[in-house]
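Undergrad: Residue numbers (numbering that gives the first Met the number 0), protein chains in the order written: chain Z, 0 to 151; chain D, 0 to 151.
No residue lacks a Cβ here, since even glycine has one placed at the ideal position from N, Cα and C.
Below you will find the structure I want to go over with you.
Number of protein chains: 2
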Amino acid sequence: MPASALDDIDLRLLRVVAADGRATLARLAAESGLSVSAVQARIKRLEARGAITGYRAVVDPDVVGVPLSAFIEITPLDPAQPDNAPELLEHLPQIEACHSIAGQAAYMLFVRVASPRDLEALIRDIRQAAAVNTRTTVVLQTFFENRAAVPR
Amino acid sequence: MPASALDDIDLRLLRVVAADGRATLARLAAESGLSVSAVQARIKRLEARGAITGYRAVVDPDVVGVPLSAFIEITPLDPAQPDNAPELLEHLPQIEACHSIAGQAAYMLFVRVASPRDLEALIRDIRQAAAVNTRTTVVLQTFFENRAAVPR
DNA sequence: GTTGAAACCGTACGGGC
DNA sequence: GCCCGTACGGTTTCAAC
Chain Z
0 MPASALDDID LRLLRVVAAD GRATLARLAA ESGLSVSAVQ ARIKRLEARG AITGYRAVVD
60 PDVVGVPLSA FIEITPLDPA QPDNAPELLE HLPQIEACHS IAGQAAYMLF VRVASPRDLE
120 ALIRDIRQAA AVNTRTTVVL QTFFENRAAV PR
Chain D
0 MPASALDDID LRLLRVVAAD GRATLARLAA ESGLSVSAVQ ARIKRLEARG AITGYRAVVD
60 PDVVGVPLSA FIEITPLDPA QPDNAPELLE HLPQIEACHS IAGQAAYMLF VRVASPRDLE
120 ALIRDIRQAA AVNTRTTVVL QTFFENRAAV PR
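Take a look at the structure:
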């Protein structure tokens, strides 16, 4: 796949659409100085190239019943075994993110659950599904998250 | 602020729109069995109630030049001082999320930067801005993230 | 990239349950 | 209260340039 670099207008469009996924082509055109059609062609290119991987509504976790979140670091019980923890854990919808990390643990998960009781059950499920030890850090308060990551 | 609970249709709409922030009212109507007007009224209610806090395009960090991410735990140097680290750090755009946490550290940050060099500079900025110690865990690979968090 | 025209969509309003 | 149908203006789409 080719990789003609993003120019300033692309970055500008990405910044706007990252902040407002429903921005109209007309607004994007106004903010970039291009015509509506030119903007549309660029957006389609950005989607095709994988620069834009999707669009989502941001949902308040509290309102939909998952007010408790936590970081869970996991480490395989047997380092000799093949390690495919991400695949083994993918089916658990409470796991919002899964990163492999440098440091003592092998992976860092970010999870959302309804209650401490559900967190306990989830940790049990994770340990069992992936044969890992866990180290859980409960989130007390979230000051901000989901901030758009398109550098100026 | 009232809080009439979300019914099954609301949750269904949230699930669809969380996965596809550009889903049309027509599609939401088809998937929920309601008319376009009814769906529109519900979406507006969900936005007004704060169940939907916004819409965004998901941008590939690699493509926009921030391929390196990390978790940074921070702890105030002087526990006696008033602790307003989140406000002191808000101006740093590389910080994508800031949570206060239970455990040894006070806050967990998630950051994105272009290079190890930039990570070093960011850590220095954080220490200086908020008068904190830091403990950084570099992300080696992200298997998944941004998974929609609307429970079934 | 641009223009323009047609199809589609979001919105407001009227009405019925 | 919640829902449906319709009409209008804005938006997306795609051809031709």
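Distance cutoff 7 Å, beta carbons only. Does D:ILE100 sit that close to anything in chain Z?
TA: Cβ-Cβ to chain Z under 7 Å: yes for D:ILE100.
Undergrad: Going by DSSP in three states, Z:ARG151 sits in which element: helix, strand or coil?
TA: Z:ARG151: coil per DSSP, three-state reduction.
Undergrad: Spatial neighbours of Z:VAL137 within its chain, please: C-beta separation below 7 Å, excluding the five flanking residues on both sides.
TA: ALA69.
Undergrad: For D:ARG126, which residues in the same chain have their Cβ closer than 7 Å to its Cβ, ignoring the five residues on either side in sequence?
TA: THR133.
Undergrad: If you measure between the beta carbons of Z:GLU95 and D:ARG48, is that distance less than 7 Å?
TA: Cβ atoms of Z:GLU95 and D:ARG48: not closer than 7 Å.
Undergrad: Between the C-alpha atoms of Z:SER34 and Z:ALA28, what's the straight-line distance to the nearest angstrom?
TA: Rounded to the nearest angstrom, the two C-alpha atoms are 5 Å apart.
Undergrad: For D:GLN39, decide whether its Cβ has a neighbour in chain Z, counting only Cβ atoms nearer than 7 Å.
TA: Not one chain Z Cβ lies under 7 Å of D:GLN39.
Undergrad: Measuring alpha carbon to alpha carbon, tell me which of D:GLY102, D:ALA50, D:GLY32 ends up nearest Z:VAL57.
TA: Among D:GLY102, D:ALA50, D:GLY32, the Cα nearest to that of Z:VAL57 belongs to D:ALA50.
Undergrad: Quick check on D:VAL65: does DSSP put it in helix, strand or coil?
TA: Three-state DSSP puts D:VAL65 in coil, outside helix and strand.
Undergrad: Grab the span of the alpha helix (DSSP H) containing D:ARG11 for me, first residue to last.
TA: Its alpha helix (DSSP H) spans residues 7–18.
Undergrad: Determine whether the Cβ of D:ASP59 lies closer than 7 Å to any Cβ atom of chain Z.
TA: At least one chain Z Cβ lies under 7 Å of D:ASP59.
Undergrad: Give me the Cα-Cα distance between Z:GLU86 and D:GLU86, rounded to the nearest whole angstrom.
TA: So the two alpha carbons sit approximately 37 Å from each other.
Undergrad: Residues of chain Z with CB closer than 8 Å to the CB of D:VAL63, please, in chain order.
TA: Within 8 Å Cβ-Cβ: LEU5, LEU10, LEU13, ALA50, ALA148, VAL149, PRO150.
Undergrad: Taking C-beta to C-beta, are D:ALA120 and D:ALA84 nearer than 7 Å?
TA: For D:ALA120 and D:ALA84, no; Cβs fall outside 7 Å.
Undergrad: Can you name, in chain order, every residue of its own chain whose Cβ lies under 7 Å from the Cβ of Z:MET107, other than the five neighbours on each side?
TA: Once the five neighbours on either side are set aside, the close Cβ partners of Z:MET107 are PHE70, GLU72, HIS98, ILE100.
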